[in-house]
């Protein structure tokens, strides 16, 4: 599997991951541009949620000649490999952490920003005939162990100030909804919902093309020069394009040396997903999980799951450390064992190979939250969602386009500083391995 830390460019002509979404979705993509133009006002690198939203904003509201280049097909990266969790947040910091770091006004401003992200997501939902196959019922964060209850309840008390409809569920209440020995209490976030990530991607892509953006697939950037005039020259396997402004929207798939201004500022981490066969009525009754609710636990290395519209169980968590190991059977076995521990009623199912399994790279920031900023003259980027970007990336794409057009960004941490560089970035994988070891020991 392609590994951003071991390659200087994204390989082109690669097929989509063999995911459940691609096998079970009838989707209409717009007509893309076959020939790469020689010039553009803005080039966007990356055809996922962030890049497509940036292209849409530039074409629709600034009438820019925007060309988006994607190394493979649109959504080849994590935008169509994720689990479809639309949640009010990004990164790994909650409102109480923001309040402690930056004060009440910033925490309130971040909450308002999350609501803008949801509003943009709703726009894309409305533009999709299948309504993104939305499953509305909220997100449940469960305390996976008794010792996690106190901290989770503190989070709940802090959340009530910002999300007054948030509910606390005690052991009896949560086990009516998630029948698991690892469900000891929970917070219910009512605004969250499940969606089909492939339908979301296609909805944004259709809108971007309708607004006038050119989308060029199978055009991997394998060379980048900046002329003394400030013009950026991008070499792809479909030709060369010149532009005064470039937006990098590759997030966890950003090659190790795409541009020196962003080198070493993200840790690409694999998240893996399995999808089972359709559960029987007895199996569904035994686990009590309803298809309209999303679930995630409180582990440092979290597990997340949802019942899909056709009754299959999607179950995900962290995968291999290196791309070369991504498809080793032990990672599927690990998720199956975790599924059985979460739902003992599915122990027999865990002895069978899942019908679908795949992995994707997420971008983890050193200080746990993303940035939308300009790392060098004429270059703009948005990255570091830490695996929580389905909702926020819709707004982040819009924001990075606004930044490229000289707009003043909100006075929030996402927009006011660069993504910090990892110390000794060549040792990122070693640090990740040590963190995984400590986390696995702690969960026992």
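In full-length UniProt numbering, the protein residues as written are 1 to 444.
Note that CB positions come from ideal geometry on N, CA and C, so glycine has one too.
- Within 10 angstroms of the beta-carbon of residue 342 lie 16 or more other beta-carbons, which makes it buried.
- Taking a C-beta distance under 8 Å as the contact criterion, residue 193 and residue 137 qualify as a contact pair.
- Below 8 Å, too few C-beta pairs join the stretch 364–377 and the stretch 310–322 to call them touching: fewer than three.
- Non-local C-beta neighbours of residue 169 in its own chain, meaning closer than 7 Å and more than five positions away in sequence, comprise 185, 186, 188, ordered along the chain.
- Taking the Cα positions, residue 128 is about 11 Å away from residue 205.
- Under the Cβ criterion (8 Å, minimum of three pairs), the stretch 269–287 does not count as touching the stretch 163–177.
- Distance from the Cα of residue 382 is smallest, within the candidate group 220, 53, 292, for 53.
- As the crow flies, the alpha-carbon of residue 132 is around 5 Å from that of residue 199.
- Note on geometry: alpha-carbon atoms of residue 405 and residue 353 lie some 50 Å from one another.
- Shown here, residue 321 sits in coil according to DSSP, grouped into three states, outside any helix or strand.
- By the Cβ test, the stretch 28–36 is in contact with the stretch 202–221, since at least three Cβ pairs between them sit closer than 8 Å.
- According to the DSSP secondary-structure assignment, residue 167 is paired through a beta bridge with 188.
- DSSP places residue 231 in no alpha helix (DSSP H); its state is neither H nor E.
- Note: residue 313 is bridge-paired with 307 in the DSSP secondary-structure output.
- Just measuring C-alpha positions, the residue of 222, 254, 398, 242 sitting nearest residue 230 is 242.
- For residue 118, the enclosing alpha helix (DSSP H) has its first and last residue at 104–126.
- Beta bridge pairing from DSSP links residue 221 with 236.
- Of the other Cβ atoms in all chains shown, 16 or more fall within 10 Å of the Cβ of residue 166; this residue is therefore buried.
- Within the same chain, Cβ atoms closer than 7 Å to the Cβ of residue 21 are found at 80, 196, 197, 198, the five residues on either side in sequence being excluded.
- Per DSSP, the unbroken alpha helix (DSSP H) holding residue 21 starts and ends at 20–23.
- When C-beta atoms of the stretch 115–128 are compared with those of the stretch 420–440, fewer than three pairs fall below 8 Å, so the two segments do not count as touching.
- DSSP, read as helix, strand or coil, puts residue 268 in strand.
- Taking a contact to require three or more Cβ pairs closer than 8 Å, the stretch 284–301 and the stretch 40–53 do not qualify as touching.
- In its chain, beyond the 5 residues on either side, 312, 313, 349, 354, 355 have a beta carbon closer than 7 Å to the beta carbon of residue 276.
- Here residue 245 is buried, its C-beta having at least 16 other C-beta atoms within 10 Å.
- Look at residue 64 here: in three-state DSSP terms it is coil, with no helix or strand label.
- DSSP places residue 215 in the strand class (E or B) of the three-state scheme.
- Close CB contacts of residue 388 within its chain, under the 7 Å cut and outside five residues either way in sequence, are with 87, 89, 90, 91 (chain order).
- Judged by pairs of C-beta atoms under 8 Å, the stretch 259–274 touches the stretch 409–426, as three or more such pairs exist.
- In the same chain as residue 439, and ignoring 5 residues on each side of it, the C-beta atoms closer than 7 Å to its own belong to 300, 301, in chain order.
- Take residue 378, set aside five residues on each side of it, and the residues of its chain with a beta-carbon closer than 7 Å to its own are 230, 232, 244, 245, 246, in chain order.
- In this structure, 40 is the residue among 30, 40, 97, 251 with its C-alpha nearest to the C-alpha of residue 234.
- With contacts defined as CB atoms closer than 8 Å, residue 95 and residue 162 qualify as a contacting pair.
- In terms of Cβ geometry, residue 252 and residue 397 do not form a close pair [threshold 8 Å].
- A distance below 8 Å separates the beta carbons of residue 392 and residue 117.
- Distance between residue 113 and residue 351, taken at the CA atoms: about 44 Å.
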